[in-house]
Structures are given as C-alpha cells and as structure tokens.
Amino acid sequence: MINNKLLVSLATVGTLLGLSMPTYAFDDSSGVYLGIQAGYTRADYDLEKFLNEDFHKGELAGRAYVGFQFNRYFGVETGFTMLAGTELPDDFGDVKTTHWDLLAKAGVPFGDSGFRADVKAGGAHVMSKFDASDIAESVGLNDTKEWKIRPVAGASVSYNFNKNIAVDASY
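Residue 53 is where the sequence shown starts when you use the working numbering, and the numbers rise one by one after that.
Right under this line is the structure:
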C-alpha cells in the first residue's frame with residue numbers, strides 16, 4: 053500500500069470557517085441543521101525514503117455537513133470533507149484525500165449573546181488516492197487507493213445572527 057511505501061504519515065489539521073443554518077440558535081428546540089465550511093489544511097508526508105526530504109503542504113479545503121441537535125447541549129453531525137489535491141515534489145505524482153465523518157457533539161450557549169462553544173469527536177472514513185507519475189512508477193510505485201477509519205476531534209465557537217444563520221470558527 054502507498055501508506056507503507058510513500059506516505060508514512062499524513063496528518064491533516066484544518067482551521068475552517070463555516071456558514072450554517074442551525075435550528076437551535078436562540079432556544080432549546082431540537083432539529084436538523086446543515087452548513088458548509090471552507091478553510092486551510094496542512095498535510096505532512098514522510099518522503100525521506102524516496103526523495104530524501106519531508107514534504108509539508110498547506111491548501112484550501114471544504115466540508116459540507118448535516119446534523120441533528122437533540123437539545124441545546126447535545127447533537128450528532130456527519131459531513132464530507134474534500135482536501136485540496138497535493139502535487140508531490142520532483143514530479144513524483146499527486147495525492148487526493150477526502151473523508152466522510154460521523155461526530156458526537158456537545159456544546160454550551162453563552163447566555164443570550166448568540167455565541168456558543170462546541171466540541172466534536174467521532175470517526176472518519178478517510179479515502180486517499182495516489183496518482184503515480186512515470187518517475188514514481190520507475191522506482192516500483194503504482195497508482196494506489198487506500199481507505200482507513202481514523203479518529204476525528206474538533207472544537208468551534210459560533211455566533212448566531214438569528215435563529216437560522218450562524219458563522220463559526222472551527223479547529
């Protein structure tokens with residue numbers, strides 16, 4: 053697999069700004085919400101075995117999500133994240149990574165200010181695709197797809213403009 057040969061470590065940390073439509077913004081109601089996020093991610097690749105270097109790349113990413121808020125404190129959320137494609141140095145090929153996540157969510161509103169803080173934790177089905185260049189194939193590496201389940205956690209602070217529109221900063 054590519055993870056054993058080329059990408060010994062791939063760590064993505066994202067800081068995302070999102071726009072959502074929560075139904076729980078100013079009251080205790082439960083309900084469905086959805087949103088989109090865009091932000092910055094960083095991928096770290098251990099290429100020392102092949103290119104005598106480590107490679108770090110930062111790019112834009114996006115996420116679409118839907119969730120259900122049981123009450124003003126607890127909910128669940130699922131989303132699809134698409135990370136920007138990464139071209140490896142020395143024309144070695146490129147990597148594309150996406151993931152589908154399922155998260156438990158706990159949070160607290162800050163009174164009637166419109167602000168709230170949330171933490172999320174769960175798992176993600178991470179899908180990576182390596183498109184090998186001719187140079188990579190010449191050293192025995194081929195196109196590879198890999199799927200893994202990985203833990204996911206995050207935190208956010210959001211501001212609710214009204215009952216239906218909010219903006220958040222997430223990590």
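Ideal Cβ placement from N, Cα and C applies to all residues, glycine included.
query                                                                                                         : result
Buried versus exposed call for ARG202 [16 or more other C-beta atoms within 10 Å across all chains shown]     : exposed
CB of THR149 within 8 Å of CB of LEU140, strictly                                                             : no
Pairwise C-alpha distance: VAL147 and ASN123                                                                  : 40 Å
Simplified DSSP assignment, three categories, for SER180                                                      : strand
Beta-carbon proximity of GLY137 to SER185, cut-off 8 Å                                                        : no
In DSSP terms, what GLY11 is bridged to                                                                       : There is no way to answer for residue 11, as the model of the chain reaches only from 53 to 223.
Under the three-state DSSP convention, the category ASP186 falls into                                         : helix
ALA113 to THR93 span [Cα, whole Å]                                                                            : 6 Å
SER208 beta carbon less than 8 Å from that of ALA218                                                          : no
Residues that DSSP places opposite PHE162 in a beta bridge                                                    : BP columns for PHE162 are empty, so no partner.
Cβ-based neighbour list, PHE162, same chain, cut-off 6 Å, excluding 5 preceding and 5 following               : none
Reduced DSSP category for ASP195 - H, G, I as helix; E, B as strand; rest coil                                : coil
TYR85 classed as buried or exposed, judged by whether at least 16 other C-beta atoms fall within 10 angstroms : buried
Whole-angstrom C-beta distance between LEU155 and VAL128, which should lie under 8 Å                          : 7 Å
Cutoff 6 Å; reference PHE167; Cβ partners in own chain excluding five residues on either side                 : TYR211
With 16 other Cβ atoms within 10 Å as the buried cut-off, status of GLY200                                    : In the sequence as presented, Gly is not what sits at residue 200; that position holds Lys. With fewer than 16 other Cβ atoms within 10 Å, it is exposed.
Pairwise C-alpha distance: ARG115 and THR133                                                                  : 4 Å
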